[in-house]
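Taking it in order: structure first as structure tokens, then the write-up.
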Amino acid sequence: MDESGADTHKKISRRDFLELTGVALGGYIAYRYDDVLTGLFGNEYDRFAEQAKSYLKTRYKLDVFVGLPENDNIITGTNLNKYELSRGLGLVMEEIIKYPLDFFEKNGVTAIRFLNDVKIGGKDYYGGFAGLEGTIGIAYAARPFELQREYFRAVFHHELFHILDYKDGGFDQDNQQWRDLHQCGCQLYREIGGRDNSEGAASSPIDWFLNDYGQRNPIEDRAEFGRFMMTPRLHQRLNQRINDERDPKTRSILEDKYRLTVESYKKWSGGLMDEKYWKDLINGEVQEGYFSSRPKGELKSRARNISEAEGRAPRLRSG
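Residue numbers (this note's numbering): 1 to 319.
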């Protein structure tokens, strides 16, 4: 996405695409990344939505569900129309290339669910929410794509982070770790859960947080760091904020949160989302086939190193 907001897609050849996906030239149906995205903006929404679903299933082992989860009495919502689903799938496909091919399968993320007008327990949820029990998925309240495309790109990473965070041993240990970072001063979490119960809550300066939403609790703070770091424009803004920060305490806390987020992604990716990856992401060089194009020996070495390191050291805690 350029500064004007116009969508840009990297075009690749059919042969390049087949090589990147590892699909044989004969005997299989290939779903071309550029063809699918281009088709999303045409008139044949059904056909291209099916191609996009097949692409996500074949390449990332992700199912796509539309509508309400079965046997769920808490979540309510409505189905997307054909146009909304096509646009939503397009945005997800543009963001999903930022992750290694086996990232979702290895971390127990199996599906993406699209749903409009989401309510949980009767309360509106704008943007998305993460399913943490049963079938793991990303529920995506998808309606205002035309007005909020950049927002919904970021929501994908925020909600995915919640799932990864939860699957990695639950929230409790990391919650305490992130609270401990604040014990040197007075600016603490507001300890607010959910999205719709914050009316009247006292707000304080957000120097130690990315925004007011991240100050609600450690879970949202971590997911907001994930959202910022996976969005190049926001990542640049975060780096600049840390570099410009003059208060040593504030800078130290932001640096610690940044470091912990980097460590999480590195662990979840088997070492592939390393220092070079973040530089490439900020520079717009993480495109379709990025992980396939990096030297295989380099990626295997990094994956092996992080695996050995995890075997030697306990999980990082502070305080």
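A virtual CB, placed ideally from N, CA and C, is assigned to each residue, including glycine.
Local conformation of residue i per DSSP, three classes
i	result
F114	strand
V109	coil
D168	coil
I96	helix
L181	coil
D244	helix
G88	helix
D102	coil
I253	helix
I206	coil
V155	helix
T78	strand
D72	coil
I120	strand
V286	coil
R259	helix
E150	helix
Q215	helix
R190	coil
Y265	helix
Y125	coil
L238	helix
Residues of its chain near residue i, where Cβ-Cβ distance is below 7 Å and the 5 sequence neighbours each way are ignored
i	result
F209	Q215, D221
N211	E224
V66	N79, L80, L85, F114
E191	N217
S269	P100, F103
T250	D207, W208
D63	K57, T110, A111
F171	D165, I219
K61	F104, E105
Same chain, Cβ closer than 6 Å to residue i, neighbours up to 5 away in sequence not counted
i	result
A325	The question about residue 325 has no answer, for the chain in this structure spans 1 to 319.
L238	F228
Q173	none
S198	For S198, the pLDDT reaches just 43, beneath the cut-off of 50, and the residue's location in the model is therefore unreliable, although a value from the coordinates is still provided. Hits under 6 Å: I192.
A6	Since pLDDT at A6 reaches only 35, below the 50 mark, its modelled position is unreliable, and no value is offered.
L234	F228
Alpha helix (DSSP H) segment containing residue i, residue limits
i	result
T58	45-60
M273	Taken as a continuous stretch (DSSP letters only), M273 belongs to no alpha helix (DSSP H), as it is neither H nor E.
G226	218-230
Cβ-heavy atom distance, residue i to the ligand ADP, below 7 Å
i	result
S293	By its list of ligands, the structure shown contains no ligand whatsoever, and the ligand ADP lies outside what it can speak to.
Beta strand (DSSP E) segment containing residue i, residue limits
i	result
F291	It is not in any beta strand (DSSP E) - F291 instead sits in the alpha helix (DSSP H) that spans 290-293.
D63	63-66
Whole-number beta carbon distance between residue j and residue i, since they are thought to touch under 8 Å
i	j	result
E281	K98	A quick correction: the sequence has Leu, not Glu, at residue 281. With 8 Å as the limit, L281 and K98 qualify as a contact, their Cβ atoms being about 7 Å apart.
I253	L181	5 Å
Own chain, CB closer than 8 Å to residue i, minus 5 neighbours either side, in chain order
i	result
E255	I242
Y83	Y45
L91	F145, R149, F152, R153, F156
V286	I97, K98, Y277, D280
Y213	E220, E224
K258	As written in the sequence, residue 258 is Tyr, which differs from the Lys given in the question. If we look at Y258 and ignore the five residues flanking it on each side, its Cβ neighbours are F225, M229, L238, I242.
Proximity test, Cβ basis, 8 Å: residue i and chain D
i	result
L160	No chain D appears in the structure shown, which is made up of a single protein chain.
Exercise. Examine the Cβ distances between the region 174-181 and the region 211-221 and report whether three or more of them are shorter than 8 Å.
Key: yes
Quiz prompt | Contact the region 62-80 vs the region 111-121: 3+ CB pairs below 8 Å | solution = yes
Quiz item: For the region 162-169 against the region 102-113, are there 3 or more C-beta pairs whose distance is under 8 Å?
Solution: yes
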